[in-house]
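Colleague: Could you have a look at this structure, given as structure tokens, before my questions?
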Amino acid sequence: MTTGYEPLDTPKPVGEDIWIVDGPAIRFYGMPFSTRATIVRLSDGALWIHSPTKLNDQLADAAAALGPVTHLIAPNWIHYAYVHEWQARFPEALAWAAPGVARRAARNGLPGRFDEDLGQEPPDLWVGEIDQMIVRGSNVHREAVFYHRTSRTLILTDLIENFEKANIPWWMRVILPLVGNLDPDGAMPRDMRFTFRKHRDLLREDLERMIAWAPDRVILAHGRWYETNGTAELRRAFRWALNP
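Residue numbering for the sequence shown follows this note's numbering, beginning at 332 and increasing consecutively.
Next up, the structure:
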């Protein structure tokens, strides 16, 4: 299944010490979803890998060529499925889990382990290089978001999805405008928005913090990411929450 983001399983430079990896498409709710990981090389040379995509020898060798694989980030309750594959190949790497991830993985019988929890502030291992927080307000979706200071890049997972018409089947082109995540007006899917309905004020506070980071770029897990005008894209995508 093509994704529109070939070549796959290949680190592609985004800025200084940061790469994206476009992975194979998966099926979610019967729909093909492109996948994307982000790799950051920390100042000590260690690799920090966000939402690891499915691993193969090509990708493992390419990652190892960039530095030691040290941190594997499962940023929300959906994006953890391939962490165990990376652990098996790089057993010394630490696996970091957003709230709810470890419990869901255990319930689904997934092999592997999670070593550390992700919190509202970065751990000492990447403090000063990558800022982070757990976005508040949802009774279901607890996503860790990150800001890489050197490259001025915000790293999201599912809070914005931005599927391009050219990369999806015709029937998704009919559905996705209703869901609210079709390029060029990609945003948080409407079913996810509903989970923030009682505490939108908390979401708004966290969005304002992201905007204050003033990112130049915004990387997404699904669809076209924003290589420029990152802060403006944030304001556009979240206008429904910022301007009640």
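Note that beta-carbon positions come from the ideal geometry of N, C-alpha and C, so glycine has one too.
Whole angstroms are fine: how far does the CA of G443 sit from the CA of G354?
Modeller: Position 23 of the sequence shown, counting from 1, holds the residue named residue 354. Position 112 of the sequence shown, counting from 1, holds the residue named residue 443. Using only the alpha carbons, I get a separation of about 21 Å.
Colleague: Since R548 contacts E536 with CB under 8 Å, what's their CB separation in whole angstroms?
Modeller: As a position in the sequence shown, residue 548 is number 217, starting the count at 1. As a position in the sequence shown, residue 536 is number 205, starting the count at 1. R548 to E536, Cβ: 23 Å. No contact.
Colleague: Which residues bound the alpha helix (DSSP H) around Q389?
Modeller: What you label residue 389 is simply residue 58 of the sequence shown in a count that begins at 1. From DSSP, the alpha helix (DSSP H) with Q389 extends over 388-397.
Colleague: Would R480 and D455 be called neighbours here (beta carbons separated by less than 8 Å)?
Modeller: What you label residue 480 is simply residue 149 of the sequence shown in a count that begins at 1. What you label residue 455 is simply residue 124 of the sequence shown in a count that begins at 1. Result no, Cβ atoms of R480 and D455 do not sit closer than 8 Å.
Colleague: Give me the residue from Q418, G440, W502 with the minimum Cα distance to N387.
Modeller: Taking the sequence shown and counting its residues from 1, the one referred to as residue 387 is at position 56. Closest option to N387, Cα to Cα, is Q418.
Colleague: Who are the near neighbours of P406 in its chain, counting only those whose CB is closer than 7 Å to its CB and skipping five residues on each side?
Modeller: As a position in the sequence shown, residue 406 is number 75, starting the count at 1. So the qualifying residues of the chain are H381, S382, A429, E474, A475, T488.
Colleague: Kindly indicate which residue of W457, A356, L490 has the alpha-carbon position closest to the one of I465.
Modeller: As a working mapping, residue 465 is identified with position 134 in the sequence shown. For the residues W457, A356, L490, the minimum Cα distance to I465 belongs to L490.
Colleague: Which residue from R555, E539, A518 puts its Cα closest to that of Q498?
Modeller: In the sequence shown, residue 498 corresponds to position 167, counting from 1. Per the sequence presented here, residue 498 reads as Asn, with Gln not at that position. Of the candidates R555, E539, A518, the one whose C-alpha sits nearest the C-alpha of N498 is R555.
Colleague: Assuming L533 and G431 form a contact by the criterion Cβ under 8 Å, report the distance between their Cβ atoms to the nearest whole angstrom.
Modeller: Here residue 533 is taken as the residue at index 202 of the sequence shown, counted from 1. Here residue 431 is taken as the residue at index 100 of the sequence shown, counted from 1. At roughly 17 Å, the Cβ-Cβ gap does not stay under 8 Å, so L533 and G431 are not in contact.
Colleague: With distance defined between alpha-carbon atoms, name the residue in G398, K529, G511 nearest to R521.
Modeller: Locating residue 521 in the sequence shown gives position 190, where the first residue counts as 1. Looking at the Cα atoms, G511 is the closest of the given residues.
Colleague: Whole angstroms are fine: how far does the CA of A396 sit from the CA of F525?
Modeller: Indexing the sequence shown from 1 puts residue 525 at position 194. Indexing the sequence shown from 1 puts residue 396 at position 65. Distance between the alpha carbons of F525 and A396 is about 43 Å.
Colleague: Quick one: using the 10 Å Cβ neighbour count with 16 as the cut-off for buried, is R434 buried or exposed?
Modeller: As a position in the sequence shown, residue 434 is number 103, starting the count at 1. By the 10 Å Cβ count, R434 comes out exposed.
Colleague: Pop quiz: T369 and T384 are said to be a contact at Cβ under 8 Å. What is the actual Cβ separation, rounded to whole angstroms?
Modeller: The residue you call residue 369 lines up with position 38 of the sequence shown. The residue you call residue 384 lines up with position 53 of the sequence shown. The pair is not a contact, with the Cβ atoms about 10 Å apart (cut-off 8 Å).
Colleague: Can you tell me which of the three DSSP states D353 falls into?
Modeller: Sequence index remark: in the sequence shown, residue 353 carries index 22 (1-based). Strand at D353.
Colleague: Quick one: using the 10 Å Cβ neighbour count with 16 as the cut-off for buried, is A518 buried or exposed?
Modeller: Here residue 518 is taken as the residue at index 187 of the sequence shown, counted from 1. A518 is buried by the Cβ-count criterion.
Colleague: Based on Cα-Cα distance, which residue from D392, G440, M541, A412 lies nearest to T484?
Modeller: On the sequence shown, residue 484 is found 153 positions in, with the first residue counted as 1. Cα-wise, what sits closest to T484 is M541.
Colleague: Do you know whose CA, among I486, R567, T562, lies nearest D514's CA?
Modeller: Position 183 of the sequence shown, counting from 1, holds the residue named residue 514. The shortest Cα separation from D514 among I486, R567, T562 belongs to R567.
Colleague: How is the beta strand (DSSP E) around P342 delimited, first residue to last?
Modeller: Locating residue 342 in the sequence shown gives position 11, counting from the first residue. First-last of the beta strand (DSSP E) with P342: 342-346.
Colleague: Can the beta-carbon of V400 be found closer than 8 Å to that of L378?
Modeller: The count along the sequence shown starts at 1 and reaches residue 400 at position 69. The count along the sequence shown starts at 1 and reaches residue 378 at position 47. Closer than 8 Å, so yes.
Colleague: By alpha-carbon positions, which one of L441, E539, N470, L425 ends up nearest to D448?
Modeller: On the sequence shown, residue 448 is found 117 positions in, with the first residue counted as 1. Here the closest residue by C-alpha is L425.
Colleague: Check the C-beta distance from I349 over to S482 and give it rounded, since I have them as a contact under 8 Å.
Modeller: Position 18 of the sequence shown holds residue 349. Position 151 of the sequence shown holds residue 482. Confirmed, Cβ separation roughly 5 Å.
Colleague: Give me whichever residues DSSP pairs with L425 in a beta bridge.
Modeller: Translated into positions along the sequence shown, residue 425 becomes position 94. Beta-bridge pairing links L425 to H402.
Colleague: Assuming E495 and G335 make a contact with CB atoms under 8 Å, what is their CB distance in whole Å?
Modeller: Walking along the sequence shown from the start, residue 495 turns up at place 164. Walking along the sequence shown from the start, residue 335 turns up at place 4. Right, the Cβ-Cβ distance comes to about 6 Å (below 8 Å), so this counts as a contact.
Colleague: Could you check what DSSP says for D489 in three-state terms: helix, strand or coil?
Modeller: Taking the sequence shown and counting its residues from 1, one reaches residue 489 at position 158. Coil.
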